[in-house]
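**Q**
Residue numbers (my numbering): 94 to 253.
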């Protein structure tokens, strides 16, 4: 019995089927395992001085709404902008960004969950963990419009 599809045709059909499946699987562009662009800090609950301030530049080539979803906004980089290794205590932990540009904030917390914010105070984003976990927090400072702008990443246990 002769099949209507040649062996070569069958291979080609399989390759196309696999390629279309792979293309439809969403990929997370933010890679928390990469070295942060602007630095890493280790802080223990009750740290001083509080707040801890790091200078970064917002934005990147990746649209967080497409790569992460879940209400995330802004253009971000692939590698984290900053990394916090944190030992939790009884205080809340807050991340804020202050900039003259419209910035966004993306955090990958120790539980591997994504937390995002836009316009916490005016055009500046922020996020407070009321009961923070100990571990690694990877932080991306994005730009709502894709413009690269200087920004201060503020890490504090005294939320406002």
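Glycine included, C-beta positions come from ideal geometry on N, C-alpha and C. Given the structure is predicted, the values throughout are model-derived calculations rather than measurements.
Quick one: using the 10 Å Cβ neighbour count with 16 as the cut-off for buried, is residue 200 buried or exposed?
**A** Looking at its Cβ environment, which holds 16 or more other Cβ atoms inside 10 Å, residue 200 is buried.
**Q** Run through DSSP, which three-state label would residue 159 get?
**A** Reduced to three states, the DSSP call for residue 159 is helix.
**Q** Measure the C-alpha to C-alpha separation of residue 244 and residue 226 and round it to an integer number of angstroms.
**A** If I take the Cα positions, the gap works out to 25 Å.
**Q** Can a CB atom of chain C be found closer than 8 Å to the CB of residue 226?
**A** No chain C is part of this structure, which consists of one protein chain only.
**Q** Considering only C-alpha positions, which residue in the set 230, 217, 177 and 202 is nearest to residue 151?
**A** Checking every option, the nearest Cα to that of residue 151 belongs to 217.
**Q** List the residues that DSSP assigns as beta-bridge partners of residue 243.
**A** In the DSSP output, where bridge partners are listed per residue, residue 243 has 150.
**Q** If we ignore side chains and look at the alpha-carbon of each, how far apart do residue 236 and residue 163 end up?
**A** Distance between the alpha carbons of residue 236 and residue 163: 17 Å.
**Q** Would residue 187 be called buried (16 or more neighbouring beta carbons within 10 Å of its own) or exposed?
**A** Flag for residue 187 reads buried.
**Q** Would residue 229 and residue 171 be called neighbours here (beta carbons separated by less than 8 Å)?
**A** Taking 8 Å as the Cβ cut-off, residue 229 and residue 171 do not qualify as a contacting pair.
**Q** Which of the three DSSP states, helix, strand or coil, is assigned to residue 252?
**A** Three-state result, residue 252: coil.
**Q** Compute every distance between the C-beta of residue 166 and the non-hydrogen atoms of the ligand ATP, then say whether any falls below 7 Å.
**A** This structure does not include the ligand ATP; it has no bound ligands of any sort.
**Q** Reducing DSSP to helix, strand and coil, say where residue 141 ends up.
**A** In this structure, residue 141 counts as coil in the three-state DSSP scheme.
**Q** Compare the beta carbon distance of residue 204 and residue 220 with 8 Å and say whether it is the shorter of the two.
**A** No.
**Q** Give me, in chain order, the residues of the same chain whose beta-carbon lies closer than 7 Å to that of residue 156; leave out the 5 immediate sequence neighbours on both sides.
**A** Cβ within range, chain order: 168.
**Q** Classify residue 206 as helix, strand or coil using the three-state DSSP reduction.
**A** Three-state result, residue 206: coil.
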